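So the mapping is simple: this note's numbering equals the position in the sequence shown, first residue as 1, plus 2.
Some notes on the structure that comes next.
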Amino acid sequence: MRVEQLGEGEPELAVVGAIHGDEPCGSHAVTKILDEQPAVERPVKFVVANERALERGVRYTDADLNRVFPGDPDSEDYERRLAHDLMQELRGCTTLSIHSTQSYDRPFAIVNDADPLIESVCPYLSIDAVVEAGGFTEGRLIEYADVVEVEAGEQGSDSAKEYAEVLVREFLGATGALPGRERHTDELPVYRLERLIPKRPAKSYDVRVANFERVAPGATFATAGDDELVAQEPFYPVLMSSYGYENEFGYAAELTRTLG
Ligand SMILES: [Zn+2]
């Protein structure tokens, strides 16, 4: 784990990249800002979390880091020890954690339900949506840290790297570490994850709907081999993709409100 700091004093802000080793955009953004050394008005900690997985270009080496918080210092699993160490680093810090996804090519945020950061940070980020994690926080950083997770765009793309850099600067602006606290959206929709959409074993998968766009009852929203999955109730797909996760397509969400 690489940990660096800009500014003097004990940081109350942190930026984390590479929780997942196959999502290089966060590490890229952290490295860019550290190279630039901007004059920050508050000290900020910068972390490249899973360097081992990043080097190998894999999501994780022993266990998915974002499923094993708060971690265990005595575990045989590299990521369980790393989770523990990362928790120590992030204690007392309002944190931006950068991910990327196969499901959607523009940034959005994932937060705990009713987290104050939804109002204090999210409207200042160039994001299309805020997603409240609902009951899906077990083992994830959002359950244990004061954190906004961002999906910075399509995994492995240059645009995700560019978005990630912009999001870090906007986060530092929103929290007063850099000048330029500026609202980016008049209408920011907030969704809440309601249930997983499981994926049965099949030779091929296809998602037929767009994330964050309402699926009407009766619509075929995905196929698994020859099986068609038909919506029984209306929902909003979130983090849905054909091959992003092994055992599920993604999540069905509700649109709960719009931040004005
Ligand atoms: Zn990730």
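All C-beta atoms, glycine included, are put in the ideal place defined by N, C-alpha and C.
A quick note: this is a predicted structure, and the numbers were derived from the prediction, not measured.
- With 5 Å as the limit, the residues whose C-beta approaches a heavy atom of ligand 1 more closely than that are H22, E25, H101, in chain order.
- V113 is classed as buried because its beta carbon has at least 16 other beta carbons within 10 Å across all chains shown.
- Contact between the region 151-167 and the region 195-214 is absent, with fewer than three C-beta pairs closer than 8 Å.
- Taking the C-beta atoms as reference points, D208 is found no nearer than 8 Å to A221.
- Using a C-beta cut-off of 8 Å, the region 91-104 makes contact with the region 240-252, since at least three inter-stretch Cβ pairs fall below that distance.
- Around the beta carbon of D74, fewer than 16 other beta carbons lie within 10 angstroms, which makes this residue exposed.
- L92 is the residue among L56, D37, L92, A55 whose C-alpha sits nearest the C-alpha of E14.
- For F223, the enclosing beta strand (DSSP E) has its first and last residue at 222-226.
- When the alpha-carbon of A212 is set against those of F48, E78, D107, the nearest one is in D107.
- Counted as a single uninterrupted DSSP element, the beta strand (DSSP E) harbouring Q7 occupies residues 4-8.
- Note: Y253 is bridge-paired with L198, V240 in the DSSP secondary-structure output.
- Boundaries for K205: no beta strand (DSSP E) harbours it, and the DSSP string shows neither H nor E there.
- N52 counts as buried, since at least 16 other C-beta atoms from the protein chains shown sit within 10 angstroms of its C-beta.
- Across the structure, A85 and R259 are spaced so that their CA atoms are roughly 33 Å apart.
- Only residues of its own chain outside the window of five on either side were considered, and among them N68, R69, F71 have a CB closer than 7 Å to the CB of R142, listed in chain order.
- As for any alpha helix (DSSP H) of minimum length 4 sitting wholly inside the region 149-180, the runs are 160-176, ordered along the chain.
- Around the C-beta of Y245, fewer than 16 other C-beta atoms lie within 10 Å, and the residue is accordingly described as exposed.
- For L15, the enclosing beta strand (DSSP E) stretches over residues 15-19.
- For R61, same chain residues with a beta-carbon under 7 Å away, outside a window of 5 residues either side, are H22, G23, D24, A55 in chain order.
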